[in-house]
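J.:
In UniProt numbering, the protein residues as written are 1 to 167.
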């Protein structure tokens, strides 16, 4: 993965948080990338609109942020019925299979139909939450539920756990 001065992140965590310092400040300084600062009420509901505007190339979220995004998306998904629901379920199954193939070292192979699943459903979802240009999504600072990781894998947004101590 090539990194350059076109990288973008959304800063919404307090800058006293070590992840905010490392990603939002130091990493972007080293790359010459751009940090967009979200509104102070980002964690109360405006983060998604900022993400849609900025379209970050990297996104870091503590587990609770990923859970809140998941909750909103599941709520929206409950309103989908009929053929749209069937197509969505099909696409999510292929995305989950693809993420598992990547995790287990299949060299990036994709299941049959994955190309169409991306075009018809998965890319639309990613664009709707502003992650369509994201090269990497990360989480740390607390345990994240496997169900949350699996949910995002099912919409073609693999979330990688970052480990390490800040002390």
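Glycine included, every Cβ here is placed at the ideal spot set by N, Cα and C.
Mapping the DSSP letters down to three states, classify residue 35 as helix, strand or coil.
T.: strand
J.: Per the DSSP calculation, residue 8 is bridged to which residue(s)?
T.: Looking at the DSSP assignment, residue 8 forms a beta bridge with 34.
J.: Inspect the beta-carbon positions of residue 130 and residue 55 and report whether they are closer than 8 angstroms.
T.: yes
J.: Have a look at the DSSP bridge pairing and note the partners of residue 59.
T.: Per DSSP, the beta bridge partners of residue 59 are 137.
J.: With a CB to CB cut of under 6 angstroms and the five nearest residues on each side skipped, what residues in its chain are close to residue 59?
T.: For residue 59, where only same-chain residues beyond five positions count, the Cβ hits under 6 angstroms are 134 and 137.
J.: State the DSSP-derived secondary structure class of residue 104, mapped to helix, strand or coil.
T.: coil
J.: Look at residue 162 and residue 140 and say whether their C-beta atoms are less than 8 angstroms apart.
T.: Here residue 162 is near residue 140, since their CB atoms are less than 8 angstroms apart.
J.: Measuring straight from C-alpha to C-alpha, what distance separates residue 90 and residue 76?
T.: 17 angstroms
J.: Determine the extent of the beta strand (DSSP E) in which residue 159 is found, giving its start and end residues.
T.: Its beta strand (DSSP E) spans residues 159-161.
J.: Under three-state DSSP, which class holds residue 20?
T.: Residue state for residue 20 is assigned as helix, using DSSP reduced to three classes.
J.: Straight-line CA distance for residue 39 to residue 12?
T.: 7 angstroms
J.: In three-state DSSP terms, what is residue 81?
T.: Residue 81 carries a coil assignment under DSSP once its states are collapsed to helix, strand and coil.
J.: Rounded to the nearest angstrom, what separates residue 1 and residue 28 at their Cα positions?
T.: Linking residue 1 to residue 28 through their CA atoms gives a straight-line distance of about 16 angstroms.
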